[in-house]
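Residue numbers (the working numbering): 268 to 514.
What follows is one structure encoded as structure tokens, with my remarks underneath.
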């Protein structure tokens with residue numbers, strides 16, 4: 268039967284394993300003309316390349332979400348600073364805080380709940396409002412406000428950069444499956460085709476196939492070991508009781 272790559276392998280682990288298997292076959296010059304292996308590894312290399320691109324797309328979504336959280340936090344910080352000035356017992360400072368709040372309240376924290384596109388538009392409008400000549404001096408006089416506005420602007424620019432990069436990748440691979448969808452075909456290719464063939468050919472012609480078959484087994488074993496170690500650590504983390512801080 269032979270060893271099998273564990274089904275609970277992460278997508279990145281499956282991708283890495285396939286890359287190492289492809290590299291192994293390319294190094295086995297004696298097997299270069301094996302028709303079955305040539306066909307199998309041509310398919311594996313193509314699937315691996317597509318899987319790598321799919322992982323990049325999935326990562327792009329994650330990076331976009333992180334960039335969105337940064338701009339959300341920048342908006343929250345700005346709101347807190349404004350509220351701080353509105354609560355000041357010094358009348359002149361409080362008045363400036365109220366003026367700033369009047370501008371910000373057109374958008375408010377509710378803009379955080381908007382979709383990516385709407386939020387970007389609202390942030391652009393907010394930044395434009397804050398550039399009004401009658402607010403320039405006021406903003407300069409309130410410590411920390413300029414930095415908050417710069418923080419929102421920088422967060423928005425970073426988000427735009429991430430989004431353009433993500434959309435370029437998405438447009439290039441518009442008809443491609445997700446990384447999760449590609450995992451199953453790769454596992455099938457490794458477990459149901461490569462491993463049985465390598466195991467059989469090692470028995471048929473040990474001199475020619477032993478090194479290849481044994482290395483295939485070793486590569487899969489290494490990945491499975493890493494998966495088991497990770498799973499054990501994860502299980503221990505979940506089972507570890509937390510110490511109560513209540514007195």
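In this text, a Cβ means the ideal position worked out from N, Cα and C, and glycines have one as well.
All values reported here derive from a predicted model rather than from experimental measurement.
{"Query": "Pairwise C-alpha distance: residue 351 and residue 357", "Result": "12 Å"}
{"Query": "Distance, residue 369 Cα to residue 315 Cα", "Result": "54 Å"}
{"Query": "At least three beta-carbon pairs within less than 8 Å, the segment 269–279 to the segment 484–493", "Result": "yes"}
{"Query": "8 Å Cβ cutoff met for residue 304 and residue 482", "Result": "no"}
{"Query": "Coarse secondary structure for residue 270, derived from DSSP in three states", "Result": "coil"}
{"Query": "Distance, residue 382 Cα to residue 362 Cα", "Result": "33 Å"}
{"Query": "Residue span of the alpha helix (DSSP H) that contains residue 395, given as start and end", "Result": "383–397"}
{"Query": "CB-CB length for residue 337 against residue 412, believed under 8 Å", "Result": "About 19 Å; that fails the 8 Å criterion."}
{"Query": "Anticipated Cβ contact below 8 Å, residue 429 with residue 331, distance rounded", "Result": "5 Å"}
{"Query": "Residue span of the alpha helix (DSSP H) that contains residue 362, given as start and end", "Result": "358–371"}
{"Query": "Coarse secondary structure for residue 355, derived from DSSP in three states", "Result": "coil"}
{"Query": "Contact between the segment 418–428 and the segment 400–407 (3+ Cβ pairs under 8 Å)", "Result": "no"}
{"Query": "Any 3 or more C-beta pairs closer than 8 Å across the segment 464–472 and the segment 280–295", "Result": "no"}
{"Query": "Of the residues 371, 496, 454, 306, the one placed nearest residue 353, counting alpha carbons only", "Result": "371"}
{"Query": "Contacts around residue 343, its chain only, beta-carbon distance under 8 Å, and the 5 residues preceding and following it disregarded", "Result": "376, 379"}
{"Query": "Through-space distance from residue 408 to residue 386, alpha-carbon basis", "Result": "28 Å"}
{"Query": "Minimum C-alpha distance to residue 433 - residue among 393, 464, 309, 321", "Result": "321"}
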